[in-house]
Structures are given as C-alpha cells and as structure tokens.
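The numbering of the sequence shown is the working numbering, which starts it at 5 and goes up by one.
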Amino acid sequence: MAIFQRNNPKGRVHATRRRILEAAISVFARKGYHEASMDEIVAESSSSKGSLYSHFPGKQQMFLAIVEEFVAGLQERLDAAIAESHDGVERVEAALRVCMETFGQHRSLAKILLVQALGLGAAFEHKRLEVHRRFIRVIQSYLDQAVDEGAIPPLDTQVAAHAWMGALNEVVIQWVHTGEPAPERALPALRNILLRSVGVSEQRINRREVARLESATAVHLERPALLAALHARLAAGETVIVSRTVPWPAVSLTGFLRKAGGLPRLYWSHAGNPLAFAGFGEAARVVAPASNAFETVRSASAALFARILSTGEQPPAQVQPRLFGGFAFRDDKADEMWAAFPAACFVLPQVLLTRHQGQVWLTLNMRLQPGSDVQHVEQRVLAELERLGALPDEPAVAVRGSASPAIALQTQAQWAASVRIATAQIRAGELQKVVLARALGLPHPIDPLAALVHLKQHYAGTYRYLIEPEAGCAFFGATPELLVQSDGHVLRSTALAGSIRRGADAAEDAALGRELLASAKDRGEHELVVRDICSQLAPFVKTVTAAHEPNLRRLSNIQHLQTAIEGEALAGVDLLTVAAALHPTPALGGVPRGQALKLLAELEPTGRGWFGAPVGWLDANGGGLLAVAIRCAVTNGTTARLYAGAGIVADSDPEREWHETELKLRPMLDALSA
5 MAIFQRNNPK GRVHATRRRI LEAAISVFAR KGYHEASMDE IVAESSSSKG
55 SLYSHFPGKQ QMFLAIVEEF VAGLQERLDA AIAESHDGVE RVEAALRVCM
105 ETFGQHRSLA KILLVQALGL GAAFEHKRLE VHRRFIRVIQ SYLDQAVDEG
155 AIPPLDTQVA AHAWMGALNE VVIQWVHTGE PAPERALPAL RNILLRSVGV
205 SEQRINRREV ARLESATAVH LERPALLAAL HARLAAGETV IVSRTVPWPA
255 VSLTGFLRKA GGLPRLYWSH AGNPLAFAGF GEAARVVAPA SNAFETVRSA
305 SAALFARILS TGEQPPAQVQ PRLFGGFAFR DDKADEMWAA FPAACFVLPQ
355 VLLTRHQGQV WLTLNMRLQP GSDVQHVEQR VLAELERLGA LPDEPAVAVR
405 GSASPAIALQ TQAQWAASVR IATAQIRAGE LQKVVLARAL GLPHPIDPLA
455 ALVHLKQHYA GTYRYLIEPE AGCAFFGATP ELLVQSDGHV LRSTALAGSI
505 RRGADAAEDA ALGRELLASA KDRGEHELVV RDICSQLAPF VKTVTAAHEP
555 NLRRLSNIQH LQTAIEGEAL AGVDLLTVAA ALHPTPALGG VPRGQALKLL
605 AELEPTGRGW FGAPVGWLDA NGGGLLAVAI RCAVTNGTTA RLYAGAGIVA
655 DSDPEREWHE TELKLRPMLD ALSA
C-alpha cells in the first residue's frame, strides 16, 4: 500500500513490517476484526509467526499500528499539499482534497478505520477519537486562518470543523458500503458545499474549481495531429467547431442560465432520465422552411456535426455536443408572438451544461471561420472556461402573476361552436377525431426560469423544456408526452389520450381513474392514437410492441390514459425520419390526418406556432429525443400566450372539453403565478 511507503531508514525490517500490515489490512477488510486470525495474516504476508510476533505482540497492536501508519502517511501528504497553499481557504481545501483522495486509493483501509474500528473496545475507541480530533483541529486551524485573513466571515470554526469532518466521513462510509459515489467523483460537489457552508464567495469557489479542472483535463490543441486537422479544414474553406468538454462544479441548471447575459438559452430535464441540459449562446444554428422541414434539419444537422472537432479528454459517451430545438405544428397563421420561431430551428449552444448521473460537465463549442488563427486556440478555450467560471448571476425577472389575469383568446361560446362543427363532421363520417386547441394571453412579461423551477417541483414526471432562440423570446413547458426517442437501437413512443381530473383524496382519485379506464369515449379516442402510432412506426422497426391495455399516467392535477410503444430499429433508421412520419399524431392532430389539419386551420382563431409539435434534442449519431410540446407557454418579451387542446370525437360535450382544457392550462398558470 502506497500509504505505508514513506521514508524509513530501517530497510529490510521496515519492508517486512509493511508487508505484514498490508496482509493484515486485506484480511481485516475481508473477514472483519473479530473473525480474522493471526495465522491467516501470516499466510497472506508470506512470513513466519516468529517474524509477525516480533513486530506485533497481538492482533490489537497490529490493528492500532495500521491506524497509526495510515495517519502518519496521511499527515505527510497533508504537509506536502499545505506547503503549496497560500492562504487559509486553500489550506482547508487542500486538507479536504488529500483526505478524499487518500481514502479513495485505499478502500480497505477506509473500511477498517471508519467502519470496523467502531465498537472494538476502549483502546480502539481512544485511538479513533484521537485521530478524529487531530484532523478536526487541523481543519479548524485553517478555518481560523481564513477568518483572520478576511476570506470568510467570522463563525464558530470548531463547529464548522466538526461538520466538515462528519460530511467527509459520511461520504466515504457510503462509498465503502455501496461503491458509489467514488471519492474522486464526490469531491467536486462536496468541496463546493463545504466551502459555501463557511461563506467562501461564489466567485472564488468557481474560479478555483475551473482552474483545477483546466489543469486536470486540458489536452492541448497544439498537438501536431489536431493542429494539422484544423489547418487543413480551415484552408479548405470549412467553418470548424472546436468542442471541449470538462467536468464542472455541481450547480443549479436554471441558476446557471441566469448567467447567459442576454444570449439565447435552452433547458431540458426529466426526473426519470439521468440526463439534463442547460445551455446558452449559439455556436451554430440549423433553420428549415416548412416544406420538407424534417429532411432539411436531418441533412443540415449531420453536416454540422461533421464540422465539430472534439478536443481534450474523452467524456462519457452520454456527454457530447447536441442540437436543441423544435418544429412548428403547421405553416399557417404565424403571428408576432412566434416571430422568433421559424418552421424548424435547432441550435448548437456555445456553452452546454450536461448533468449525467449527478456529475456535471461543461461543453464549450467555439466556432472558427476560415482564416482563423489556430496557434492560440487552446489559450482562447481556457480563457473562456475561466470567464464562465467567474460569471456573476443575473437577478430573476419579476413575475407579476395574478396581478394581470390571463385573457381567453376565444370565448367559451366560440369554443362550443367549434366543437359542434367538429362533432357534426365526425358524425357525418368525414373524420374520426380532431384535436382543437385554444389559447390564453398574458399582457405582461414572464420569467421562464422561475416557471421551470416551479414545474420541476410540481410536475417532475414530465419533460421540461425551454427553447429561447432570441433573448426574451422563449417557448417552454412541461409535457408528459413522448413523440419518439432513439438510442440507435430501439425506437420508443407514447400514446397519451383520454383525460380526467385528480381526486381530492386517494379514494376519489382511484374512483376517477377507474372511471377513465372504463370510459368508452376516452378508450376509443386513445385507441385511435395507439393504432396510428403503431402503423406509422411499423416501417422503421422489426416488430412493434404495445401494451394491450392502457395504464394511468397521473400528474399533479390530471390523469391520462397512456400506452408505451416501442420496437427494435431497422438499420439506418434515424430519429428525424421517424418523427416526420409520426407528427402530428392523433393526440394533437386527428384522424385522418389531412382532413383533421384542414379543419383545424378553419376553426382555430390563433396560430399554434410550436404548440403540439416536436421539441427536444438531436445527437451526432442520428438519435435523440423529441417530445410533443404541450402544457406550454410562449413569450415575446412583453406578452405571453398559453395553449391547451382537447380531443374531439363523435360524442364530445363542448362544456366538458372546455373544462378539460382548463385542467391542462393549470400547470402553466400555476407556474407563472407562483
């Protein structure tokens, strides 16, 4: 064990002692103190009993020696790290780092010292407390220095030191028992939490963390192969995107977006998915007209991904450059509210935070035009990372909420008339189903980020999204509906149709759920959606799989009928080709599709824009995730609009469908008035 390989002049005697201690660590960790025998330690150390007992009279002395050796080795490492530190904050941070790194390299020792040593008797408890207090005093002394230097505000440093030690122990003990999270992975988050707990400024926390990450992860672009690749591609007239991904301090994704400084922003998150994203700025943009929008985005995004040159250490496969955006529902009735939203638009953000299984990564995408100086690209990348780490937060925009009530852009009487026209055509056999949408207007600006925080708290089981192609012009919401997801192997979709409110208590809620499952009207509407998705998906998969019966998808104020649908993708199938076939499903358009869309254009007084259309992200492999943009709002910086729709079939009642849209509007109304 490296922790025992310290300077010692006793040569062979010390080597034998070290070998015995290493064997004892292995046996103690494997069998526990009480079950371990001296004979097993003799055998594992390849020494004799005489040699063992000449060093250690008994098992207790051997166990205490392990503790003493570990502490001495740890102290040497601490002394070396402290010698390179310049102030109290750096020293206490170095102490935390060394302890976590040392335990991370010696899991068996951590198990012995922090788990097995408890309850072994007075001698062990005395030694354990002695070590514990020793390191608390070390932490306290550096915190005292930081207070004296004015780096942190006055505080009870003894209590703070105990809290630091307790947090460190708990993280390591959790790792010893479960294997997760490894100390080196937990260290960045623990460091930031503990530094904040004693009042270290956010600017200093971020500045030092970014500097550490740069030092740890930078792989310089001046390497000949990368430099040659840049020269060749720029000389050929290409625009190249240099992409660097580094680990980043654990931060709030919505909080990070407040640092955007007026740049375009994006956000994507789902409680059931380990991936979440927040980004701002624009390294590149793909825009397409309504005609052939999906194919145009598919080919243009493939060309864009081909221009990306990734540098630095390879992050996990799930952490990679992505495009974020969406499509318009149809190309008609565009108005000033949607002026910033083309028929299709996907952005490669300049800065993208990816949260994957609790770890945060930052991807910086820097665009280089032909003729750019490539000699100093690496310095530019590192300078931008440092700048990002020091960005100040921007204040939240005041949400006026109920001070200005929402205005219905269509009266209930007008809505009822539209529903009656639709049901008449359905009864006449011209179509089977149509989804009518209505909108509410808000005559004031709104804060999308504050709304997203509320939606995360109250509608966690949804896809939460924000697409802001221009500052102040944002489309955001929390949708429960998946259009299509592809990981390159499996295609997944969801049929979501048929709704009822939640109950006031568990009994009423269950009764309402049973009522929905038994509703012939809702089951028929739902089955239309299932059949259509299965039919549209079939050409792209080996076999379509769908549940025989829908289940209940329960959200805070509404429950839906839901059926999961999937299939193994055929070779060469990409996400956007499938999305073009699926959109719009009968859950947002109708059956048959063409006739339903024609009727919507006639009956809906307000343009849908991106409402009801695909929104999400694309990756470089032709995969990604597109949800159906419902439970949403759009703002142009001065006013806002909310949308909701209801599926109309032959026996639909206008008043009941109006109340269903009220339920669907409620999440955004609550979020905007929170």
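Heads up, the beta-carbon is just placed ideally off N, CA and C, and yes, glycines get one too. If you're wondering where the values come from, they're calculated on a predicted model, not measured in any experiment.
Residue from the options whose Cα sits closest to the Cα of residue i
| i | options | result |
| --- | --- | --- |
| L395 | A114, L234 and K263 | K263 |
| G651 | G170, H587, D578 and V533 | V533 |
| V202 | K525, T549 and A155 | A155 |
| P320 | Q207, T642, V250 and I504 | V250 |
| Y463 | R558, L607 and R505 | R558 |
| A583 | Y271, I209, E129 and N296 | N296 |
| V204 | E242, V175, Q149 and E174 | Q149 |
| Q416 | W662, D377, R289 and A550 | W662 |
| A167 | E134, E105 and L100 | L100 |
| G502 | F479, G528 and V638 | G528 |
| R326 | P596, D623 and E97 | D623 |
| V423 | V180, V545, L604 and Q322 | L604 |
| E388 | D43, G285 and R95 | G285 |
| V102 | E80, L118, A47 and G92 | E80 |
| Q162 | L172, E174 and R137 | R137 |
| F480 | V301, S50, P278 and G613 | G613 |
| D451 | N640, P543, A332 and M370 | N640 |
| V355 | F345, P409 and L270 | L270 |
For residue i, the three-state DSSP class (helix, strand or coil)
| i | result |
| --- | --- |
| T20 | helix |
| G502 | strand |
| A292 | strand |
| Q149 | helix |
| W168 | helix |
| S305 | helix |
| T592 | Residue 592 is actually Leu in this sequence, not Thr. The answer is coil: DSSP assigns L592 none of H, G, I, E or B. |
| W614 | coil |
| L267 | coil |
| L574 | coil |
| V619 | strand |
| L545 | Reading the sequence as shown, one finds Val at residue 545 and not Leu. The answer is strand: DSSP assigns V545 an E or B state. |
| G330 | strand |
| T315 | strand |
| H564 | strand |
| S247 | strand |
| H181 | helix |
| L629 | strand |
| Q363 | strand |
| A514 | helix |
| A585 | helix |
| S677 | helix |
| G259 | helix |
| R645 | strand |
| S205 | coil |
| T415 | coil |
Expected contact under 8 Å - CB spacing of residue i and residue j to nearest Å
| i | j | result |
| --- | --- | --- |
| G649 | G598 | Contact doesn't hold; Cβ gap of about 18 Å is too wide. |
| L435 | G627 | With 8 Å as the limit, L435 and G627 do not qualify as a contact, their Cβ atoms being about 34 Å apart. |
| L487 | P618 | 5 Å |
| F298 | L580 | 5 Å |
Cut-off 6 Å between Cβ atoms - residues of its own chain near residue i, not counting five sequence neighbours on either side
| i | result |
| --- | --- |
| L673 | none |
| S273 | A280 and R468 |
| F260 | A282 and L357 |
| R496 | Q489 and E570 |
| A6 | Because the pLDDT of A6 is 45, which lies under 50, any placement of that residue in the model is unreliable, and the question is left without a value. |
| A443 | L413, T610, R645 and Y647 |
| M169 | I140 |
| E72 | none |
| L78 | T106 |
| V401 | Only weak support is given to the placement of V401: the predicted model assigns it a pLDDT of 49, under 50, and the value that follows is read from those uncertain coordinates. Only D451 meet the Cβ criterion. |
Contact with chain D by residue i, beta-carbon distance below 8 Å
| i | result |
| --- | --- |
| A515 | Absence of chain D from the displayed structure is noted, only one protein chain being present. |
Residues near residue i by beta carbon distance below 8 Å, same chain, minus five either side
| i | result |
| --- | --- |
| T643 | M341, G445, L446, P447, H448 and P449 |
| E184 | Q178 |
| I45 | I24, A27, A28, V31, L56 and M66 |
Proximal residues to residue i (C-beta, below 7 Å), its chain only, five neighbours per side dropped
| i | result |
| --- | --- |
| L500 | P484, E485, R557, H564, Q566 and A591 |
| V244 | L234, R237, L238, R311, L313 and L372 |
| R431 | A654 |
| G266 | A475 |
Discussion item. List, from N- to C-terminal side, the alpha helix (DSSP H) runs of 4 residues or more that fit wholly inside the stretch 421 to 490.
Written reply: 452 to 462
Discussion item. Ignoring anything shorter than 4 residues, give me the alpha helix (DSSP H) runs that lie fully in the stretch 40 to 108, in order along the chain.
Written reply: 42 to 49, 53 to 59 and 63 to 87
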